[in-house]
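K.L.:
Got a structure for you, written out below as structure tokens; questions coming shortly.
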Amino acid sequence: MAVTYIDIQSRAPYQGGMTFGDTGAYEQLDGTVHFAVDPSDPANRLISDLALAPKNGDGLVEFSADFRILKPVDPSKGSHKLFFDVVNRGNVLSLGRINSGAEGMDPGNGFLMRRGYTQVWCGWQHDVPQKPGLLKVNVPNASDANGPVTGRIAVTFQPNALKTTQMLSDRDHQPYSVKDLDQPYATLTVKDHDTRPVTVIPRSEWSFGRLEEGTFTADSNHICMASGFEAGKVYQCIYTTAVAPVVGLGFAAVRDLVSHLRYSTAPDNPCAGDIQHSLAFGSSQSGRFLRQMLYLAMNQDEEDRTVFDGIIANIAGGRRGEFNQRFGQPSSTIEASTASLFPFADTEQTDPETGQTDALLARLQVRGKLPKLLLTNSSSEYWGGHASLTHTDTDGERDITHSDNVRIYHFAGTQHQAGTLPLGHVQATGNTGLNPFNWVDWRPLLRAAVHNLDNWVTSGVLPPDSKHPRLDDGTAVDPESLRPVFDDNPKIEFPAYMRHLSRLDFGPDDSVIENLPPVTSKDYPVFVSNVDQDGNEVAGIRLPAVAVPLATVMGWNLRHPDTGGPGQTHRIMGSTIPFAFTQQEREDSGDPRPSVEERYPSRQAYLQQVEECAKELASQGYMLDEDIHTVTLQAGERYDLLESKVRQVQPPGD
-4 MAVTYIDIQS RAPYQGGMTF GDTGAYEQLD GTVHFAVDPS DPANRLISDL
46 ALAPKNGDGL VEFSADFRIL KPVDPSKGSH KLFFDVVNRG NVLSLGRINS
96 GAEGMDPGNG FLMRRGYTQV WCGWQHDVPQ KPGLLKVNVP NASDANGPVT
146 GRIAVTFQPN ALKTTQMLSD RDHQPYSVKD LDQPYATLTV KDHDTRPVTV
196 IPRSEWSFGR LEEGTFTADS NHICMASGFE AGKVYQCIYT TAVAPVVGLG
246 FAAVRDLVSH LRYSTAPDNP CAGDIQHSLA FGSSQSGRFL RQMLYLAMNQ
296 DEEDRTVFDG IIANIAGGRR GEFNQRFGQP SSTIEASTAS LFPFADTEQT
346 DPETGQTDAL LARLQVRGKL PKLLLTNSSS EYWGGHASLT HTDTDGERDI
396 THSDNVRIYH FAGTQHQAGT LPLGHVQATG NTGLNPFNWV DWRPLLRAAV
446 HNLDNWVTSG VLPPDSKHPR LDDGTAVDPE SLRPVFDDNP KIEFPAYMRH
496 LSRLDFGPDD SVIENLPPVT SKDYPVFVSN VDQDGNEVAG IRLPAVAVPL
546 ATVMGWNLRH PDTGGPGQTH RIMGSTIPFA FTQQEREDSG DPRPSVEERY
596 PSRQAYLQQV EECAKELASQ GYMLDEDIHT VTLQAGERYD LLESKVRQVQ
646 PPGD
């Protein structure tokens, strides 16, 4: 076994002994899991640079990772199923994304606990910031006969405000330090947006270091420029580093911990003899991690046993990540990355431009080891994450028939993050949208997806059919074709620039990059859902907030002018453009969309339509009965919000 031992450092009642339905109380275990893997084992052959990592006396590569487990205090009351949540930049996600909880370990509505899952988290990313509570993996650095492996790396950033200093990493992750501070051949370029040509900034105008209150300090982890990095512009620094962590060991950490918990009878296994099935969930970055784990066939352990029976890759689009790459930056979301490489779909295709033939599940298909797979995406992944490539061919000519073990669901009219009230424009990261963010909460659909995947894995009950935009029925369209619909509304500004995905050539080995920046060629065709007369999407699973609307809800937003980059789409957030509440308000503003009072005679009539829509979704299996009340309550809150704004502007005496 690749797990050498599990060090449980704390064990305590979860939430003070709170009970969850028939499952009862949970306990939380935190600690460190230690591994040793064999570079010569065929199961590990695709881990980049593993052969260059230091080895112990047995020829094995050692590493460790943080872990956390929530398990029923009484295992007999549990479901005997393991639910693995792939952490996102070290953060727990499932309790917020599935249980509708607050951040961290808040239990939310207790959905996963009430169903008796043993929930597991494990660090897999080597460079997460040094902050309490984040789970990470600790991996060795690669070396060759000449010492530490060196090479070039590209760091891309887009400031939201003028600044003179930038850390050489994404979102304050641990940077790849500059090998030496002089580096005359290091380059810094700038462009107005992703589709514009680059301008090279002279080497004399910038340095590796920090500028603080006019004082320069040399620093191998930062770049600075006295004239400042402008808001909204896209900068890229290419330099040489001598730090080469074996990034791909993150896959081995996840694989081997779950395999150990599921199959091992060792005394250190806190789940020994209890786990009969295992499911995995990943959202955004961690959904892309699961897509790449499948592509590398690392859902089979060193003894060729299946790790996850079923997987939900949520809001991952058609992308993977820099998760198995020398000098990989797992947090990066830029388009010109190995994250954006072919293949995108689960079934085999041939790219007509490159001649490459491949599939996301090709390696597992050959071995006959296919898990059940749900691909769930918001509208943001269609507008900016190339999600349509998971079900259309690379010519953009036809729909693809996915494998029998796969379902693809588009959550219509939603954004990357589940929408909430009150409406806001600013993310916690400081990114600001021109429009209020999208208010549609897709979490009820995700809970149904978990339920359906579980039934599929454990009982063979087929989940509902895939629902997503299609070329053959005209619901999948070029995003530019929608410009006239939105240009007709004075309240909506359509993007001036669309996100494009070019074919990228990084060299013969995608895990050891030679071409920086990559050689680009013809763009892939990408599609989004067609829309109705209100601008709301017609394809996919339409929640009542879309099918019985109070607003135009979109998977895209624009950068706020204060953050630069005018006309560019916000990377992950969508928009809510409420309808006028009254006919008079609509006529005064020139809004072509019927007002709320023209659509629904009363609040009660509106909520009745919402409830009917929710019941229909539940009857089809796309929503659970328990969430009919949830979405109806949310609809009432949105109605009240719009009505209250009308009351606030009524003249005295009205």
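Residue numbers (my numbering): -4 to 649.
For glycine and all other residues, C-beta sits at the position ideal for the given N, C-alpha and C.
None of these values were measured; they are calculated from a predicted model.
1. Would you kindly report the start and end of the unbroken alpha helix (DSSP H) that includes Phe246?
2. Can you find a CB in chain D that lies within less than 8 Å of the CB of Thr235?
3. Is the Cβ-Cβ distance between Ala334 and Arg314 less than 8 Å?
4. Under the three-state reduction of DSSP, which class applies to Ala31: helix, strand or coil?
5. Check each candidate in Pro596, Arg633, Arg554, Arg438 and name the one with the smallest Cα separation from Leu545.
6. Return helix, strand or coil for Ala308, following the three-state DSSP convention.
7. Which same chain residues end up closer than 6 Å to Glu593 when comparing Cβ atoms and leaving out the 5 residues on each side of it in sequence?
8. What residues in its chain sit with their C-beta under 6 Å from that of Tyr290, if we drop five residues either side in the sequence?
9. Consult DSSP for Asp649 and reduce its assignment to one of helix, strand or coil.
10. Can you tell me the Cα-Cα spacing of Lys228 and His168, whole angstroms?
11. Counting along the chain, where does the beta strand (DSSP E) carrying Ser5 start and finish?
12. With DSSP collapsed to three states, give me the class of Ala60.
13. Provide the residue span of the beta strand (DSSP E) that contains Ala546, from first to last.
14. Figure out for me which residue from Gln412, Ala413, Gly428 has the closest Cα to the Cα of Gly419.
15. Using three-state DSSP, classify Thr389 as helix, strand or coil.
16. Which residue wins for smallest C-alpha separation from Val521, given the options Thr515, Val533, Asp505, Ser497?
17. According to DSSP, simplified to helix, strand and coil, what is Gly569?
18. Taking Gln114 as part of the alpha helix (DSSP H), name the residues at either end of that continuous run.
19. Need the endpoints of the alpha helix (DSSP H) that Val650 sits in, please.
20. What are the start and end residues of each continuous beta strand (DSSP E) run of 3 or more residues lying completely inside the stretch 303 to 369, in chain order?
21. What separation, rounded to the nearest whole angstrom, lies between the Cα atoms of Lys158 and Trp201?
22. Could you spell out where the beta strand (DSSP E) holding Ala275 opens and where it closes?
23. Report the CB separation of Tyr21 from Met100 in whole angstroms; it is logged as a contact under 8 Å.
24. To which residues does DSSP link Met220 through a beta bridge?
25. Can you give me the start and stop residues for the alpha helix (DSSP H) that Cys608 sits inside?
26. Out of Ser584, Lys186, Ala267, Val(-2), which one is the CA nearest neighbour of Val32?
27. May I ask you to report which of helix, strand or coil DSSP gives Val644?
28. How would you call Gln125, buried or exposed, if buried means at least 16 neighbouring beta carbons within 10 angstroms?
29. Quick one: residues in its chain with C-beta nearer than 8 Å to the C-beta of Gly73, no 5 flanking neighbours on either side, listed in chain order?
30. Could you compute how far the alpha carbon of Pro485 sits from the alpha carbon of Gln603?
31. The alpha helix (DSSP H) that contains Leu41, what's its start and end?
32. Whole angstroms are fine: how far does the CA of Pro431 sit from the CA of Asp649?
33. Run through DSSP, which three-state label would Lys72 get?
34. For Leu47, I'd like the list of residues in its chain whose CB is within less than 7 Å of its CB, leaving aside the five on either flank, ordered along the chain.
35. Measuring alpha carbon to alpha carbon, tell me which of Asp299, Asp80, Ile536 ends up nearest Tyr258.
36. If distances are taken between C-alpha atoms only, which option among Asn264, Val193, Arg465, Asp2 comes closest to Tyr230?
P.N.:
By the coordinates alone:
1. Numbered from 1 along the sequence shown, position 251 holds the residue referred to as residue 246. 244 to 258 is the extent of the alpha helix (DSSP H) around Phe246.
2. In summary, chain D is missing from the structure at hand, where a single protein chain is found.
3. Counted from its first residue, the sequence shown places residue 334 at position 339. Counted from its first residue, the sequence shown places residue 314 at position 319. A contact, by the Cβ cut-off of 8 Å.
4. Numbered from its first residue, the sequence shown carries residue 31 at position 36. Strand at Ala31.
5. Start at 1 with the first residue of the sequence shown, and residue 545 comes out as number 550. The option with the nearest alpha carbon to Leu545 is Arg633.
6. Taking the first residue of the sequence shown as 1, we reach residue 308 at position 313. Ala308: strand per DSSP, three-state reduction.
7. In the sequence shown, the residue the question calls residue 593 occupies position 598. Within the same chain, Glu593 has close Cβ partners Gln578.
8. Position 295 of the sequence shown, counting from 1, holds the residue named residue 290. Leu355, listed in sequence order.
9. Here residue 649 corresponds to residue number 654 of the sequence shown, with the count starting at 1. Residue confidence for Asp649 is low, a pLDDT of 39 falling below 50, so the modelled location carries little weight; the figure read from the coordinates is stated next. Three-state DSSP puts Asp649 in coil, outside helix and strand.
10. Here residue 228 corresponds to residue number 233 of the sequence shown, with the count starting at 1. Here residue 168 corresponds to residue number 173 of the sequence shown, with the count starting at 1. Taking the straight line from one Cα to the other gives about 21 Å.
11. As a first step, residue 5 must be located in the sequence shown, where it is residue number 10. Segment -2 to 8, the beta strand (DSSP E) holding Ser5.
12. Counting from 1 along the sequence shown, the entry for residue 60 is found at position 65. Ala60 falls in the strand class under three-state DSSP.
13. Position 551 of the sequence shown, counted from the start, is the residue given in the question as residue 546. Start and end: 546 to 549.
14. If you number the sequence shown from 1, residue 419 lands on position 424. When each option's Cα is compared against that of Gly419, the closest is Gly428.
15. Counting from one through the sequence shown, the residue named residue 389 turns up at place 394. Coil, per DSSP.
16. The sequence position of residue 521 within the sequence shown is 526, counting from 1. Residue Ser497 is the option with its Cα nearest to Val521.
17. Locating residue 569 in the sequence shown gives position 574, where the first residue counts as 1. It is coil, neither helix nor strand.
18. Looking up residue 114 in the sequence shown gives position 119. First-last for Gln114: 113 to 117, but that is the beta strand (DSSP E), not the alpha helix (DSSP H).
19. As displayed, the chain neither begins before -4 nor continues past 649, which places residue 650 out of reach and without an answer.
20. 305 to 309
21. The residue labelled residue 158 in the question sits at position 163 within the sequence shown. The residue labelled residue 201 in the question sits at position 206 within the sequence shown. Using only the alpha carbons, I get a separation of about 13 Å.
22. For the purposes of this step, residue 275 is taken as residue 280 along the sequence shown, with counting starting at 1. Its beta strand (DSSP E) spans residues 272 to 278.
23. Walking along the sequence shown from the start, residue 21 turns up at place 26. Walking along the sequence shown from the start, residue 100 turns up at place 105. That pair is no contact at about 10 Å.
24. Numbered from its first residue, the sequence shown carries residue 220 at position 225. Met220 pairs with Trp201.
25. The residue given as residue 608 occupies position 613 in the sequence shown. Residues 598 to 615.
26. Translated into positions along the sequence shown, residue 32 becomes position 37. When only C-alpha atoms are compared, the closest one is Val(-2).
27. Locating residue 644 in the sequence shown gives position 649, counting from the first residue. Its pLDDT being 48, under 50, Val644 is placed unreliably in this model, and the coordinates cannot settle the point.
28. For the purposes of this step, residue 125 is identified with residue 130 of the sequence shown, where counting begins at 1. Gln125 comes out exposed.
29. As a first step, residue 73 must be located in the sequence shown, where it is residue number 78. Once the five neighbours on either side are set aside, the close Cβ partners of Gly73 are Thr18, Lys66, Pro67, Gly111, Tyr112, Thr113, Asp269.
30. Mapped onto the sequence shown, residue 485 falls at position 490. Mapped onto the sequence shown, residue 603 falls at position 608. Taking the straight line joining both Cα atoms gives about 31 Å.
31. Against the sequence shown, residue 41 aligns to sequence position 46. From DSSP, Leu41 is part of no alpha helix (DSSP H); its letter is neither H nor E.
32. Counting from 1 along the sequence shown, the entry for residue 649 is found at position 654. Counting from 1 along the sequence shown, the entry for residue 431 is found at position 436. In this prediction, Asp649 scores a pLDDT of 39, lower than 50, which makes its location untrustworthy; the coordinate-derived value is nonetheless stated afterwards. Whole-angstrom Cα-Cα distance: 29 Å.
33. Stepping through the sequence shown from its first residue, residue 72 is reached at position 77. In this structure, Lys72 counts as helix in the three-state DSSP scheme.
34. Locating residue 47 in the sequence shown gives position 52, where the first residue counts as 1. Answer for Leu47: Ala137, Ser138, Asp139, Val144, listed in chain order.
35. Stepping through the sequence shown from its first residue, residue 258 is reached at position 263. For the residues Asp299, Asp80, Ile536, the minimum Cα distance to Tyr258 belongs to Asp299.
36. The sequence position of residue 230 within the sequence shown is 235, counting from 1. Here the closest residue by C-alpha is Val193.
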